[in-house]
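Heads up: the sequence lines are chains B and U, in that order. Counting from 1498, one number per residue, gives the positions in the first sequence under the numbering used here. Counting from 1498, one number per residue, gives the positions in the second sequence under the numbering used here. Just so you know, even glycine gets a beta-carbon here, dropped at the ideal spot from N, CA and C. Given the structure is predicted, the values throughout are model-derived calculations rather than measurements. Written out below as structure tokens is the structure these notes cover.
2 protein chains.
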Amino acid sequence: MERILSTELAAHAGEEVVLQGWLHRQRRLANVSFVVLRDRAGLAQIVLEEAVELLPETVLEVRGRVVTDPQIELHDAHLTVLAEPAEQPPLELHRPEPKESLPVRLDLAPLALRHTAVRERFRVAARAVHAFRETLDARGFTEIQTPKLVATATEGGANLFRVDYFGGDAFLAQSPQFFKQTMVGVFERVYEVGPVFRAEPHETGRHLSEYVSLDAELGFIRDHRDVMAVLREVVCAMIEAAGGTPPADVPIVRFEDVRTGEEPDLAPEDERRICAEHGELVFVEGFPTAKRPFYTHPDPERPEWSRGFDLLYRGLEIVTGGQRLHLHADYIAALGERGVDPEPFGTYLDAFKYGMPPHGGFAIGLERFTAQVLGLANVREVTLFPRDRNRLAP
Amino acid sequence: MERILSTELAAHAGEEVVLQGWLHRQRRLANVSFVVLRDRAGLAQIVLEEAVELLPETVLEVRGRVVTDPQIELHDAHLTVLAEPAEQPPLELHRPEPKESLPVRLDLAPLALRHTAVRERFRVAARAVHAFRETLDARGFTEIQTPKLVATATEGGANLFRVDYFGGDAFLAQSPQFFKQTMVGVFERVYEVGPVFRAEPHETGRHLSEYVSLDAELGFIRDHRDVMAVLREVVCAMIEAAGGTPPADVPIVRFEDVRTGEEPDLAPEDERRICAEHGELVFVEGFPTAKRPFYTHPDPERPEWSRGFDLLYRGLEIVTGGQRLHLHADYIAALGERGVDPEPFGTYLDAFKYGMPPHGGFAIGLERFTAQVLGLANVREVTLFPRDRNRLAP
């Protein structure tokens, strides 16, 4: 008999069926036992005449008859143990919310992630990634995979992880920035979903040493506003896929108008204030050129201000993007102004020697997006196995 | 006026339209010039009254009138230069096939990848990845992202890249093996598309230091044949998405029956011979337990033979998989038999302490798959920026 899922019981009223899953909870009364079985779809209640005494998380096959009135249950059930736990699990998974602290749950991740409310977060993330790809596929983008082992820094050199590479040095890519821009010359419109690596010295609820970046880049734009239009569609589709309601309006404010005093960048409290004042999804454009990476396109009218933007969501920057420089001479000049030797960027700059259209793009931090859409304070709550300066396992 | 793509010209016969793209080729006759424009969709021929002299790869906007008889062309065209190349490109992109050697093309990748036949390979790969995900999404799998920075080796310790991790050591994951098995305990069925890292000492046409692994793992199986059934559907969908015709039949042969003499593993020439004899897609099952990783499930009847399998495609192993051990005690025993200290595997083995169903999975090498489906001899032909012991840039 083919196994069915817990959520399919109602469709099999009166029939004998087979379920498979984990012993989620058990209760014994005088003449009857109740077992709650957890499978990938949900929970099922099973009524047994015999008394059972099994460890939580025992892997079971259950054969029984589906009763749907007054509630959906399996009666006349027979249990077969498919796999026994080696020991009593150190966490109780049946509580509505996990009661252990985050560090404890991270140490016990293989078990703690089995909590139904916790695992659902990662399904939300998977649906959001699906929406990211689907939105871009429909707009003529090509999915690419670019290397994570690189010879030089993309973002200026700080926070790089060094790798022993056949007796020499390599580095872990902090972003696919150079590669996705290069690929605009090939496919015009590209995206990538992949890990990026930052040796973050500080441990905050917003930073990880490794996170998933949803990157996109597109050519033949007029300016950064064309990039923002695509990004808006992408993020609204992601919010919807995550079960949220995207705001009808995504206001655009100018950095100059929303910063605190003469500060050259936004602090976390600025991001919270801007969303409180302007909406849950707000574009901030026109950051100071000097505070953005060297590849950022300045506003041609006022070159001290850039065509770089951030997208804030519920008080946190979840996306950074902008129009990029596209002329080789402009790259050489921008590096020169910053006093940076262009030599290590040689193969990156090559792409711009041979005709690159005006282009721009953005990078969405998946964990930040997911934490914000679910209202969770720490990105580690939505990372299966987070990595930071104090955590490299499990 | 909104830009249209080269492939949309026929639908605009007689109309004035705007195209954007790269100057792919130009020819001058006495009174007329022909320009071939390349955009992300294809090529368009443009007829100009005036003589033009532009560098190849100049980024252009072209306004003109669509003529469809006797051929599709843009007439009365006016060109606007959007971006000029800094210098003459060192490759000719308009030849039917690139004439330069692979190393030259890899050195010049940002330019060489613009060749229309070359870029199409990566669209084939993107479609195959899409088919991989779609096939598994339809079967209740959850997409996961797992860390590439790990504390211990997954596959036994050889060929590991070491990373400086905040003053300590980390390693680059050789596969998401431990994580995807752990996630069977959470989601039952998972997949991941991501980079894996192997410090391959040899440089062959089949190996890279970094490649894209399409990983899947599923629980509540009877044996490895359930895994093979899912894999068969996945690979056939990928072949179809890549424009090929999957074979109607995928034979399963036993390692014992197809090996050369008493050899404990298959050599490349064995893989070619097996496909020549049995078909373009052939499963080989029952590899010697001793030659497979420690997590491989032995055949309970004959434990020296395993429930591990390979899938050969056109004479090359493109997938490896199998049923895994699922009991904690079996892991301890398997490591003991191999004389491996279980301590470094501690957090991996934890998942098996708390009830894990019989499960198995597979890993498809994307570059190998794409090279085989396209009939290319070297995986570097289908890798945007390949990494090996002699190549870390561009």
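- At a Cβ-Cβ threshold of 9 Å, B/E1640 and B/Y1708 do not count as neighbours.
- Contact annotation: in the stretch 1721–1737 of chain U, no residue has its CB less than 9 Å from a CB in chain B.
- Fully contained in the stretch 1646–1716 of chain U are the following alpha helix (DSSP H) runs of length 4 or more, in chain order: 1674–1684.
- If you look at B/E1513, you'll find it in the beta strand (DSSP E) that goes 1513–1525.
- Residues of the stretch 1513–1539 of chain U with a Cβ closer than 9 Å to any Cβ of chain B, in chain order: Q1517, G1518, W1519, L1520, D1536, R1537, A1538.
- Listed in chain order, the beta strand (DSSP E) elements of length 3 or more contained wholly in the stretch 1802–1860 of chain U are 1805–1810, 1813–1821.
- The beta carbon of U/D1767 sits closer than 8 Å to those of V1755, R1756, T1757, E1760, all from its chain and outside the five residues before and after it, given in chain order.
- Membership of U/R1560 in the beta strand (DSSP E) is indicated by the continuous run 1556–1564.
- Setting aside the 5 residues that flank it on each side, B/P1607 is surrounded in the same chain by P1891, each with a C-beta closer than 8 Å to its C-beta; the list follows chain order.
- For U/E1782, the secondary structure class from DSSP, reduced to helix, strand or coil, is strand.
- U/H1572 has U/R1562 as its beta-bridge partners, per DSSP.
- With the rule of 3 Cβ pairs closer than 8 Å, the stretch 1847–1859 of chain U counts as touching the stretch 1811–1828 of chain U.
- What B/M1853 touches in chain U, judged by beta-carbon distance under 8 Å, is V1556, A1580, going in chain order.
- Chain U has no Cβ within less than 9 Å of the Cβ of B/D1712.
- Close to chain U, meaning a Cβ-Cβ distance shorter than 9 Å, are the following residues of the stretch 1682–1704 of chain B: G1682, V1683, F1684, E1685, R1686, V1690, G1691, P1692, F1694, A1696, P1698.
- Annotated three-state conformation of U/Q1585 is coil, per DSSP.
- The beta-carbon separation of B/R1611 and U/G1682, rounded to 6 Å, stays under the 8 Å limit for a contact.
- Taking each of B/P1600, B/R1719, B/F1842 in turn and checking the Cα distance to B/N1887, the smallest one comes out for B/P1600.
- Annotation: Cβ neighbours of B/D1661 in chain U (cutoff 9 Å, chain order): F1658, R1659, V1660, D1661, A1696.
- DSSP links B/Q1542 through a beta bridge to B/V1533, B/E1570.
- Bridge pairing for U/R1500: U/V1515 [DSSP].
- By the neighbour-count criterion, in which a residue is buried when 16 or more other Cβ atoms sit within 10 angstroms of its Cβ, U/L1526 is exposed.
- The distance from the Cβ of B/V1544 to that of B/F1531 is about 6 Å, consistent with a contact at the 8 Å cut-off.
- A direct Cα-to-Cα measurement between U/G1716 and U/M1725 gives close to 13 Å.
- Shown here, U/D1634 sits in a helix according to DSSP, grouped into three states.
- Fewer than three pairs of CB atoms, one per stretch, sit closer than 8 Å, so the stretch 1867–1878 of chain B makes no contact with the stretch 1625–1644 of chain U.
- The alpha-carbon of B/F1676 is positioned some 26 Å away from that of B/E1801.
- Neighbours of U/E1584 in chain B, taken as residues whose beta carbon is under 7 Å from its own, are K1850 in chain order.
- In chain B, no part has a C-beta under 8 Å from the C-beta of U/D1827; the shortest such distance is about 10 Å.
- When the beta-carbon positions are compared, U/L1552 and U/P1582 come within less than 9 Å of each other.
- Counting only Cβ-Cβ distances below 7 Å, B/G1637 has contacts in chain U at R1537, in chain order.
- Residue pairing from DSSP places B/R1751 in a beta bridge opposite B/E1782.
- Rounded to the nearest angstrom, the gap between the Cα atoms of B/E1864 and U/I1861 is 26 Å.
- Counting along the chain, B/Q1869 sits inside the alpha helix (DSSP H) bounded by residues 1863–1871.
- With a threshold of 9 Å between beta carbons, U/E1760 makes no contact with chain B.
- In the structure shown, the three-state DSSP call for B/A1580 is strand.
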